[in-house]
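The structure under discussion appears below in the form of C-alpha cells.
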Amino acid sequence: MSIVLVGVNHKSTPLAVRELLALSDDACATGLRSLVDGEIVREGLIVSTCNRVEVLTETAAGRLNETTERVIEFLTRANELPRSEFEKDLYLHTDDQAVRHLFRVASSLDSMVVGEPQVLGQVRRAYSIALEAGTTGRILNRLVHHAFRVAKRVRTETGIAANAVSISYMAVELGKKIFDSFAGRTALLIGAGEMAELAARHLVNAGVSNVLLANRSEEPARALATELGGTSVPFSRLTDHLSRADIVICSTAADDYIVTERMMRAASAKRRNRPVFFIDISVPRNIDPAVGKIPNVFVFDIDDLESVVSSNIREREREAQRAELIVESEIMQFQQALRALESGPAIGALKQMFQDIARHEFKRQRNRLGPLTAEQESGIESLLLSTVNKLSHPMLSQMRHSSDASDAEIIEAWRDIFDLED
Amino acid sequence: MRSLLLAVLAAYVVAAIHAVLAFINKRRALQRVSEAALVTGFLLHTGALAADWIIDGHYPLFFLRETLSFLAWTLVASYSLILFRYRARALGTFILPLVSFLVFIAAVTHSETAGSTNPIAVRDTWLFPVHTTLLLFAYAAFFVVFIASVMYLLQERELKLKTFGAIFHRLPSLTTVNEIATSSAAIGLTLLTVGIATGMLWASSRDGRLWHNDPKEIFAALTWLLYVSLIAYRSTAGWRGRRAAWIGVAGFALVLCTFFGARMMGGYHVFG
C-alpha cells in the first residue's frame with residue numbers, strides 16, 4: 001500500500017487557476033465516490049479551500065502512475081478544465097512525504113499566514129465529507145486523526161499562533177497589554193472609516209463596555225453607533241470626550257492634527273493620568289506625534305502597527321521551525337503505527353490459526369478419551385492452547401520485530417510460509 | 423534539620439527551573455509542575471521552621487541562617503498571594519530563583535554559636551519576634567514592588583518606543599503590574615510601620631531608649647520616608663506610572679542597604 005497526495009496550493013499555483021480547480025462540498029463527495037474503486041484507489045479524501053486543492057489517497061502498491069492519472073482526470077472532469085491548464089503546477093507526494101505534507105497543512109505550517117487557525121477546521125470538514133461519502137478506511141482514518149494530534153501539539157507547544165498578525169487584532173492585543181481587560185473601558189472612534197470600524201468591532205468583541213463615536217457629519221456616526229451599540233457624540237466637544245476615553249481610534253480624511261498635545265494634556269489631567277491608548281489609522285496622521293510624549297499616553301500610527309505586525313510574522317516563522325521538528329518526530333511515530341496496523345491482522349490471523357488447529361485436534365480425539373468432567377475437559381483445552389501459544393510465541397514476536405523494522409522481504413516470506421492473505 | 427532544609431531547597435529549585443522554563447516556552451504544563459513543587463516546598467519549609475522553633479527553643483529568626491530561610495519563606499508566601507489574586511505567573515520567574523538562592527545559603531551556613539547576643543536574652547519578650555517577622559514580610563513586599571516596578575518600566579519603555587522584545591509578550595499587563603506595585607507598597611509600608619514601632623517599644627523596655635542612631639535604624643527611617651512619599655505620590659493624582667515605578671526601584675535599593683549594609687557597619691542591631 002502507498003499514501004499518495006496530488007494537489008496545488010498558493011505557492012505552486014496562482015489564484016486564477018486555483019479558483020477554477022476549487023470544488024464544492026457536494027462535488028468533493030461525488031468525486032470521491034467515483035475516484036475510490038476499492039482496488040487501485042482504496043481510500044480517498046479531498047481538501048478544497050481558497051488556498052489549496054489536494055487529493056489524498058491510499059493506493060495499492062505499485063499503482064502510483066494509475067492513481068495520479070485518475071486524480072488528474074477527475075480534476076479535469078469535475079471542473080471542465082483542460083489538463084494543460086494546471087498539470088504542470090501539480091505536486092505529487094508519496095508515503096512519508098505525503099504524510100509530512102498533510103501534517104504541515106493541518107498544523108498551519110503550509111498556510112499563507114503561518115499559524116492561522118482556519119485550516120485545521122477545513123481539514124476537519126474535508127474529513128467529515130469523506131467519512132460521509134464512505135471513502136476513508138483503516139489507513140486514512142488513522143492518518144487524519146494523527147494529523148489532528150500533530151496540529152494540537154504544534155498549537156500548544158509552540159508560539160506559532162501567539163501574536164497578532166493583522167492590524168485590527170494588533171489594536172486588541174496592545175490594548176490588552178495596557179489594560180489587561182476591556183471590561184469597563186471606553187473606546188472613542190473619531191471618524192467612521194472602514195479600518196476604524198473593523199478595529200472597533202474587534203474591541204467590542206473583546207469586551208469594551210462603551211463606544212463613543214465622533215464624526216464631522218453626524219449621520220454616518222449615528223448609523224454606526226446603533227450598529228456597534230454605542231453613542232454618537234458631537235464632534236465639537238472632542239476634548240471632553242477625550243478625557244473619558246481609554247482607547248481612541250482615529251481615522252478621518254482631515255489633513256491636520258485633530259488631537260493636539262495641549263488638548264491631550266488637559267484631558268489627561270482630567271482623567272487623573274490614567275493610561276490612554278491611541279490608534280491613528282489615518283493618513284496623513286490626525287494625532288500629533290507629540291501626544292505620545294505625555295506620560296501614560298501611548299500613540300500608535302499606521303506605520304508603527306505595520307512594523308509590529310511584520311515583527312510578529314517573523315516571530316511566528318521562528319516558532320514554525322520548532323513546529324517542523326514536532327512534525328518530523330510525529331512522522332516517525334505514524335510510520336510505526338502504520339506498520340503495526342499492517343502486520344497486526346496477519347499476526348493475529350496466524351495466532352488464531354494455531355489455536356484453531358489445537359481446538360480442532362482436540363475435538364477429533366475427544367471420543368477416544370472416554371467420559372471427562374467439565375474441569376478435565378477445559379484443563380485439556382487450556383493445556384493444548386498454552387502449548388501452542390508457547391511454541392509459537394518466539395516466532396510471532398520475531399514477526400512483529402521484522403515488521404517494526406519494516407523488513408518487507410521477511411514479512412513476505414512469513415506470508416508465503418503460512419499462506420496468509422494480504 | 424539540615425536534611426529537611428535540603429528537601430525544601432530541592433523543591434524550590436524544581437519550582438524555579440520550571441517557572442523559568444514556563445516563562446520562556448509559555449507552557450502551561452511546566453507552570454503546573456512549578457506550582458506543585460512550590461506548594462510542596464512551602465509546606466516542608468513551614469514544617470522546617472516549626473521544627474527549628476521546637477528543637478532550638480527560640481523563635482527561628484535570629485541567626486543569619488535562620489533569617490535567610492525565614493525571608494525566603496515570606497517571599498514564597500507573598501508570591502503565592504499574588505498568584506492567587508492576580509494570576510501573575512511571570513513574577514515567579516524572578517522571585518523563585520532568589521528564594522532558591524536564599525535557602526541554599528541558609529543550608530550551607532553554620533549556626534553561629536559564639537554570638538555576642540544570646541538568643542536566650544531575647545527569649546522572654548514577644549516583641550522581638552513580632553518586630554523581626556513583620557519587617558521580613560515588609561522586605562518581601564518591597565521586593566515584590568521592586569519586581570513589579572521593573573516590569574512596568576520595561577513594558578512602558580517598549581510601548582513608548584514601539585519595539586517589542588521577546589520579554590514583552592511574557593509579562594503581565596501594565597495595569598496589573600501597576601496594581602501589584604501599588605497594593606504591595608501599601609501592605610509593605612503598613613508592616614514596616616508596625617515593625618519599626620514594635621522595635622522601638624522593645625528597645626525602650628530594654629534600655630529605656632527609643633533611638634540608638636544605629637545605621638540600621640537610620641536606613642529603616644529613610645526607607646519608611648521613601649515609601650510614605652511613594653504612597654502619597656500615587657494617591658495625589660491617580661495613576662502615576664513611570665515615576666512611581668522608579669521610586670519603587672530606588673526604595674528597594676534602600677531596603678537592601680537596611681538589610682545588609684547596616685549589618686556590615688555594626689551598631690546596635692548586631693544580629694540578622
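Same order as they appear, the protein sequences are chains A and B.
For the first sequence, the numbering used here assigns the number 1 to the initial residue and increments by one for each residue that follows.
For the second sequence, the numbering used here assigns the number 423 to the initial residue and increments by one for each residue that follows.
For every residue, glycine included, the Cβ atom is placed at its ideal position computed from N, Cα and C.
None of the values given here were measured: they were computed from a predicted structure.
Can you tell me which of the three DSSP states residue i falls into?
i	result
F418/A	helix
G44/A	strand
H101/A	helix
V36/A	coil
C250/A	strand
I653/B	helix
L428/B	helix
V510/A	As shown, chain A starts at 1 and ends at 422. That puts residue 510/A outside it, with no answer to give.
R388/A	Residue identity differs from the one stated: residue 388/A is Val in this sequence, not Arg. Looking at V388/A - three-state DSSP - the assignment turns out to be helix.
H467/B	helix
A214/A	strand
F278/A	strand
R52/A	strand
Y91/A	strand
S571/B	helix
E80/A	coil
N423/A	Nothing about residue 423/A can be reported from this structure: the residues present for chain A run from 1 to 422 only.
A560/B	helix
G7/A	strand
I190/A	strand
E66/A	helix
E58/A	strand
T156/A	helix
T597/B	helix
G537/B	Confidence in G537/B is poor, its pLDDT being 48 and thus under 50, which makes the residue's placement unreliable; the coordinate value appears in the next sentence. Three-state DSSP puts G537/B in coil, outside helix and strand.
According to the neighbour-count rule (16 or more other Cβ atoms, all chains shown, within 10 Å of its Cβ), is residue i buried or exposed?
i	result
D255/A	exposed
P82/A	exposed
V489/B	Reading off the sequence shown, one finds Thr at residue 489/B, where the question assumed Val. Per the 10 Å Cβ criterion, buried.
K698/B	Since the first residue of chain B shown is 423 and the last is 694, residue 698/B is not available in this structure.
Q398/A	exposed
R450/B	exposed
A151/A	buried
G44/A	buried
C250/A	buried
T226/A	exposed
R316/A	buried
K177/A	buried
R665/B	exposed
Check each candidate in the options and name the one with the smallest Cα separation from residue i.
i	options	result
D474/B	R424/B, M622/B, I569/B and H591/B	R424/B
P394/A	R314/A, L350/A and D416/A	L350/A
A171/A	V53/A, D301/A, G191/A and L369/A	D301/A
V291/A	P284/A, F277/A and S282/A	F277/A
A528/B	R487/B, W495/B and F565/B	R487/B
D96/A	H360/A, L305/A and Q335/A	Q335/A
L428/B	G479/B, L614/B, F464/B and A588/B	F464/B
L423/A	S24/A, T13/A and T59/A	As displayed, chain A neither begins before 1 nor continues past 422, which places residue 423/A out of reach and without an answer.
L611/B	Q577/B, W624/B and S651/B	S651/B
A78/A	R149/A, D25/A, D419/A and R138/A	D25/A
S217/A	M195/A, G191/A, E85/A and F418/A	G191/A
F590/B	V297/A, K88/A and E173/A	E173/A
E85/A	A269/A, P284/A, V327/A and L15/A	L15/A
Should residue i and residue j be called a contact, given that it needs their Cβ atoms to be closer than 8 Å?
i	j	result
V114/A	A147/A	no
Y508/B	F681/B	no
T57/A	V41/A	yes
V388/A	F354/A	yes
I247/A	R185/A	yes
A245/A	A206/A	no
R52/A	H101/A	no
F179/A	T515/B	no
T620/B	L503/B	no
Check distances from the C-beta atoms of the region 268-283 of chain A to those of chain B and list, in chain order, the residues that come in under 7 Å.
Of all residues in the region 268-283 of chain A, R272, N273, R274 and P275 have a Cβ within less than 7 Å of some Cβ in chain B.
Under 9 Å (Cβ pairs) to chain B, residues found in the region 174-195 of chain A:
Under the 9 Å Cβ criterion, the region 174-195 of chain A contributes L174, K176, K177, I178, F179, D180 and S181.
When you check each C-beta in the region 490-507 of chain B against every C-beta of chain A, which residues fall closer than 9 Å?
Per Cβ criterion, the list is empty.
Of all the residues that make up the region 290-314 of chain A, which are near chain B by a beta-carbon distance shorter than 8 Å?
Going along the region 290-314 of chain A in chain order, one finds G292, P295, N296, F298, F300, D304, S307, V308 and S311 with a Cβ nearer than 8 Å to chain B.
For the region 587-600 of chain B, which residues have a CB atom closer than 7 Å to at least one CB atom of chain A, in sequence order?
For chain A, the residues of the region 587-600 of chain B that bring a beta carbon within less than 7 Å of one of its beta carbons are H591, S595, L596, T597 and T598, in chain order.
Mind checking the region 551-578 of chain B against chain A and listing, in chain order, the residues whose C-beta falls within less than 9 Å of any C-beta there?
Only Q577 and E578 from the region 551-578 of chain B bring a Cβ to less than 9 Å from some Cβ of chain A.
Closer than 9 Å between beta carbons: that is the criterion. Which residues of the region 641-655 of chain B meet it against chain A?
Nothing from the region 641-655 of chain B brings a Cβ to less than 9 Å from some Cβ of chain A.
In the region 600-622 of chain B, which residues sit with their C-beta less than 7 Å from some C-beta in chain A, listed in chain order?
Taking 7 Å as the Cβ-Cβ cut-off against chain A, none of the residues of the region 600-622 of chain B qualify.
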